[in-house]
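For the record, the sequence lines run as chains A and B.
Here the numbering used here runs 164 ahead of the position in the first sequence, where the first position is 1.
With the numbering used here, letter number 193 in the second sequence gets 178, and the count goes up by one each step, no holes.
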Amino acid sequence: MGIRFDSVTVAYDGNVVLDSLDLTVEPGEVMALLGPSGSGKTTALRAVAGFVRPVSGRVLLGGRDVTDLPPYRRGIGMVVQSYALFPHMRVEENVAFGLRARKAPRTEIRQRVAEALEMTGMAGYARRHPRELSGGQQQRVAIARALAIRPDVLLLDEPLSALDAQLRSGMLTELARLHRELPDLSMLYVTHDQVEALTLADRIAVMDRARLQSCGTPRELYRAPADEFTASFVGNANLLPVTVGCGGVDFAGAGLKVGTGDAVAGARATLCVRPHLVGLGEGPNRLTGTVTEIQWRGATHRLYVEVDGHTLMADVRELRDPPRHGDRVHVHFAAEDAVLLPAGVAGDGS
Amino acid sequence: MLVHSRKARWAVWAVFLVLFLLLFALPLLVVLGASFATHWSGVLPSGMTTANYRVATRGEALEALTTSLVTAAVASLLALTVGTWAALAGAALRKRYRRLLDALFVLPVAVPSVVVGLSVLVAFSQPPLLLNGTRWIVIVAHTVLVTAFAHQSVSAALARLDPAFEQAAASLGARPSYVLLRVRLPLLLPSLTAAAGLCLALSMGELSATMMLYPPDWTPLPVLIYAATDRGALFTGSAVAVVLMAATLLVLLAVSRVRTRASYR
């Protein structure tokens, strides 16, 4: 079942926290809502769950308008950051909760609870209380509880942010596996962590200041971001203020040969180059600058090179003889690795 | 720690002990001593006997104890029901209205209980709600007096309750009534039992409003103690007071046992 936001606006006391969101999640798709706090991503999820009421617009589930339906009649599964497992119930009672509330037959409840616990690897913990489980185990139970009602849509609100880094990466793999096992389940995944979004999502909707900034597959957003915010929020980015010239752009007095698309000559723009696509030494689109910082990151060195008052990041394969702080170096990048964006904060020169 | 030196700490403990003994322990010990005495003319009571307890656990006194227990149980139950209901309703209100509701419920505690007694007397002495002369007027007054504590305790617990529980339950398809019965009330159980204990204890000891209202066939224990000491039967009164104290402590103990079982975290 798909989810559709049709110009959904949510406001609290006249304060707009979600501004006319238009977004469609296809049946069986994993859509990540990625953005910093206050970007409206959780509000969008809560609008689907039915916990906030849009002041205008509609929310559709499988083509049905659910804007006015109370949460308990929407048939969605939800997993939240705090897990919200009922502390007075055992794991199996937690998982059975939704089925009991719907007055499912006993044999069916037993079977589905066992199935959900099996699927999340928690079958051995049915008789425990939530307080007797670790954070990761509680998370699995929360997912099992949401899946037991066999929802068509699963909402996940920062589900991994309470876990430590190692557990988080393990749970990401688990979630990806669950998605393979339940190909018809649509997931709306709210996160501020780009790694989670890039790893798990079929598509990412990038949100900022109550608005949808851009939406696309992780690869699209990474390789060809549509705006500065997306470029800097999905992966790292060098954002250089440039002026469009003929067959290239001007940056700090140097002419760079990059595709300019239909940008008008003389216009200001921002050039986005990913740090790992910046090379050290001679090459096309060469720039010369001073090393201001150098960090060793195991497999790579990250260099911060100041070129005419702008700092460029370059991630290069570990160097045997890295440059030192204050050295003059050349950096370069290929024309096809640069993306020209409309002028934003960087383009204003601020 | 507020006091660091060992000497100072001893001094503080000594001051605390003296104050505690004088203000809290001594009066109770005096009552306990008096309850076993027939005379008290010197420093210590004399003429030790258990006769006072024979009086204090039979006939009129036993009846009064039952009256107190029934009054406290019924009033606490009513107060918990009304207080919880109001707290749940208040939680769904806007902040301004919730404050108004809170203030309304605190009112009976803010006014002297004599005033509450008088107002209950005036309000329920006329048809159609003619309760004056019946046990119900005592129960109503006690309910009014203790509901404030039930309401306050439950609404404080509700404010601490993570709304995620309720929302998770709703997203799983549970109707509001089901969420209330299976999630919210069970999670509030520790606070409900704490409130019950407080209500019971307060009702068991209530005197001033009760004095204005009690009918001859519904005399709670505190009234009996007052009457006994008033007519000079100090030692019998002390024995009855010890019985009241013991009964209240037993009730609280029972409630706290329920409470331990109800706390999950």
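Ideal placement from N, C-alpha and C gives every residue a C-beta, glycine not left out.
Closer than 8 Å, CB to CB, is residue i near chain B or not?
{"i": "A/A507", "result": "no"}
{"i": "A/G239", "result": "yes"}
{"i": "A/S246", "result": "yes"}
{"i": "A/M195", "result": "no"}
{"i": "A/P323", "result": "no"}
{"i": "A/Y386", "result": "no"}
{"i": "A/A369", "result": "no"}
{"i": "A/I313", "result": "yes"}
{"i": "A/F497", "result": "no"}
{"i": "A/G178", "result": "no"}
{"i": "A/M165", "result": "no"}
{"i": "A/A208", "result": "no"}
{"i": "A/M335", "result": "no"}
{"i": "A/R309", "result": "yes"}
{"i": "A/Y236", "result": "yes"}
{"i": "A/F250", "result": "yes"}
Just to confirm before moving on: does the CB-CB distance between residue i and residue j stay below 8 Å?
{"i": "A/P235", "j": "A/G214", "result": "yes"}
{"i": "B/L209", "j": "B/A46", "result": "yes"}
{"i": "A/A308", "j": "A/M283", "result": "yes"}
{"i": "A/G411", "j": "A/V495", "result": "no"}
{"i": "A/G241", "j": "A/I167", "result": "no"}
{"i": "A/A196", "j": "A/V172", "result": "no"}
{"i": "B/V131", "j": "B/S53", "result": "no"}
{"i": "A/D321", "j": "A/T206", "result": "yes"}
{"i": "A/A355", "j": "A/L198", "result": "The amino acid at residue 355 of chain A is misidentified as Ala; the sequence shows Thr. In this structure, A/L198 lies closer than 8 Å to A/T355 by Cβ."}
{"i": "A/R222", "j": "A/D229", "result": "yes"}
{"i": "A/F397", "j": "A/L441", "result": "no"}
{"i": "B/V105", "j": "B/A126", "result": "yes"}
{"i": "B/T128", "j": "B/A179", "result": "no"}
{"i": "A/Y247", "j": "A/Q302", "result": "yes"}
Rounded to the nearest angstrom, what separates residue i and residue j at their Cα positions?
{"i": "A/G513", "j": "A/V455", "result": "Caution applies to A/G513, whose pLDDT of 38 falls short of 50 and renders its modelled position unreliable; the model cannot decide the point."}
{"i": "B/V40", "j": "B/T221", "result": "7 Å"}
{"i": "A/V216", "j": "B/A(-7)", "result": "58 Å"}
{"i": "B/L143", "j": "B/V94", "result": "21 Å"}
{"i": "B/Q111", "j": "B/S162", "result": "38 Å"}
{"i": "B/A186", "j": "B/L78", "result": "31 Å"}
{"i": "B/A214", "j": "B/N37", "result": "The question names Ala, but residue 214 of chain B is Thr in the sequence shown. Answer to the nearest angstrom: the Cα atoms are 13 Å apart."}
{"i": "A/W460", "j": "A/P347", "result": "41 Å"}
{"i": "A/M286", "j": "A/S298", "result": "12 Å"}
{"i": "B/T42", "j": "B/R169", "result": "42 Å"}
{"i": "B/Q137", "j": "A/R274", "result": "40 Å"}
{"i": "A/V181", "j": "B/A141", "result": "29 Å"}
{"i": "A/A427", "j": "A/S350", "result": "38 Å"}
{"i": "B/S223", "j": "B/V16", "result": "5 Å"}
{"i": "A/R373", "j": "B/F90", "result": "42 Å"}
{"i": "A/M477", "j": "A/R344", "result": "37 Å"}
{"i": "B/L11", "j": "B/L237", "result": "22 Å"}
{"i": "A/A310", "j": "A/G262", "result": "8 Å"}
{"i": "A/G399", "j": "A/E392", "result": "11 Å"}
{"i": "B/R216", "j": "B/L4", "result": "32 Å"}
Leaving out five residues before and five after residue i in sequence, what residues of the same chain have Cβ atoms less than 7 Å from its Cβ?
{"i": "A/A499", "result": "K421, V422, G423, P448 and N449"}
{"i": "A/A395", "result": "P389, A401, L403, C436 and L505"}
{"i": "B/T204", "result": "A49 and T52"}
Got a sec: is the Cβ-Cβ distance from residue i to anything in chain A below 8 Å?
{"i": "B/S188", "result": "no"}
{"i": "B/L172", "result": "yes"}
{"i": "B/Y211", "result": "no"}
{"i": "B/L29", "result": "no"}
{"i": "B/Y163", "result": "yes"}
{"i": "B/R160", "result": "yes"}
{"i": "B/A76", "result": "no"}
{"i": "B/S156", "result": "yes"}
Closer than 7 Å: is that where the CB of residue i sits relative to any heavy atom of the ligand ATP?
{"i": "B/L187", "result": "With respect to the ligand ATP, the structure shown offers nothing to examine, as it has no ligands at all."}
Suppose the cutoff is 6 Å on Cβ atoms and the five residues either side in sequence are ignored; what does the same chain contact list for residue i look like?
{"i": "B/S31", "result": "H24"}
{"i": "A/A502", "result": "V422, L435 and V437"}
{"i": "A/I368", "result": "A196, L198, A361, P382 and L385"}
Just to confirm my understanding: we take residue i, look at its own chain, exclude 5 residues before and 5 after, and list those with CB closer than 8 Å. What are they?
{"i": "A/P251", "result": "H293, P294 and R295"}
{"i": "B/S61", "result": "V131, A135, A181, C184, L185 and S188"}
{"i": "B/V(-3)", "result": "V(-12)"}
Please report whether the beta-carbon of residue i lies at a distance below 8 Å from any beta-carbon of chain D.
{"i": "B/R84", "result": "Of the protein chains in this structure, namely A and B, none is chain D."}
What are the uninterrupted segments assigned as alpha helix (DSSP H) that are 4 or more residues long and contained completely in the stretch 5 to 92 of chain B, given in chain order?
11 to 20, 36 to 41 and 44 to 76
- Task: Enumerate, from N- to C-terminal direction, the unbroken alpha helix (DSSP H) stretches of 4 or more residues contained entirely within the stretch 323 to 356 of chain A.
- Result: 329 to 345
* To do: Would you mind listing the beta strand (DSSP E) stretches within the stretch 414 to 460 of chain A that are 3+ residues and don't spill past its ends, in chain order?
  => 418 to 420, 432 to 437 and 451 to 460
> Curious, which full-length alpha helix (DSSP H) runs of at least 4 residues does the stretch 188 to 258 of chain A contain?
Replying inline: 205 to 213
I'd like the ranges of any alpha helix (DSSP H) spanning at least 4 consecutive residues and lying wholly in the stretch 210 to 250 of chain B. 219 to 247
Practice problem: For the stretch 151 to 196 of chain B, list the alpha helix (DSSP H) runs that are entirely contained and at least 4 residues long, ordered along the chain. | Solution: 161 to 164 and 170 to 190
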